[in-house]
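*Asks:* In our numbering, the protein residues as written are 281 to 432.
Yeah, the Cβ is synthetic: ideal placement off N, Cα and C, and Gly gets one too.
Right, I'll just put the structure down here and ask away after.
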């Protein structure tokens, strides 16, 4: 069973390590509401995000483009967001790899080599963040969205 609270706790700790007084990091994972095909599921998710006026915008305005990635590319993205940001902690390479492998270990119930992995490219129709990355893991007909962002 996937423990989202545990995964989010790990992500929160890594976000705190990357935060500074002049910027904010948010790293989360959530189980998306299943809406049939994964593109419909993603559309439902993105159109549920309100702009600064509380208005919900049509998913087509997000220009959602899922790009399938490998497990290695997935791990590279995790490493980038954990340790390659401008304010990331400076760790000995071995300790940094432990941080990434620790995260991969807590995802072990998802069996990454059996998942469909996607990086979700978007062009948001509103302010979303300075930098962001949305990763989708599809496992046993469940859709897990990992969201990384850096904002001020």
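Report, in whole angstroms, the separation of the C-beta atoms of residue 304 and residue 432, which I expect to be a contact under 8 angstroms.
*Replies:* The residue you call residue 304 lines up with position 24 of the chain shown. The residue you call residue 432 lines up with position 152 of the chain shown. So it is a contact: roughly 7 angstroms between Cβ atoms.
*Asks:* Buried or exposed for residue 406, going by 16 or more other Cβ atoms inside 10 Å?
*Replies:* Here the question's residue 406 lines up with position 126 in the chain shown. Result: exposed.
*Asks:* Please decide whether residue 345 counts as near chain B, where near means a Cβ-Cβ distance under 9 angstroms.
*Replies:* The chain inventory of the structure shown lacks chain B, comprising one protein chain alone.
*Asks:* DSSP state of residue 394, grouped into three classes?
*Replies:* Translated into the one-based positions of the chain shown, residue 394 becomes position 114. Of the three classes helix, strand and coil, the one that applies to residue 394 here is helix, per DSSP.
*Asks:* By the three-class DSSP mapping on this structure, what secondary structure does residue 308 have?
*Replies:* Looking up residue 308 in the chain shown gives position 28. DSSP places residue 308 in strand when its eight states are reduced to three.
*Asks:* Excluding sequence positions up to five away, which residues of its chain have a Cβ less than 8 angstroms from the Cβ of residue 327?
*Replies:* In the chain shown, residue 327 corresponds to position 47, counting from 1. Answer for residue 327: 336, 337, 338, 339, 342, listed in chain order.
*Asks:* CA-CA distance, residue 427 and residue 324?
*Replies:* Here residue 427 refers to the residue found at position 147 when the chain shown is read from its first residue. Here residue 324 refers to the residue found at position 44 when the chain shown is read from its first residue. Residue 427 and residue 324: Cα-Cα distance of roughly 16 angstroms.
*Asks:* For residue 426, which of helix, strand or coil comes out of DSSP?
*Replies:* Residue numbering aside, residue 426 sits at position 146 when the chain shown is read from its first letter. Reduced to three states, the DSSP call for residue 426 is strand.
*Asks:* Compute the distance between the beta-carbons of residue 391 and residue 349, then report whether it is under 9 angstroms.
*Replies:* Residue mapping note: residue 391 aligns to position 111 of the chain shown, counting from 1. Residue mapping note: residue 349 aligns to position 69 of the chain shown, counting from 1. Cβ distance not < 9 angstroms, so residue 391 and residue 349 don't count as in contact.
*Asks:* Using the rule of at least 16 other Cβ atoms within 10 Å of the residue's Cβ for burial, across every protein chain shown, is residue 344 buried or exposed?
*Replies:* Residue numbering aside, residue 344 sits at position 64 when the chain shown is read from its first letter. With 16 or more other Cβ atoms within 10 Å, it is buried.
*Asks:* To which residues of the same chain is residue 436 closer than 8 angstroms at the C-beta, ignoring the five residues directly before and after it?
*Replies:* Given that the chain is displayed from residue 281 to residue 432, the structure contains no residue 436 and the question cannot be resolved.
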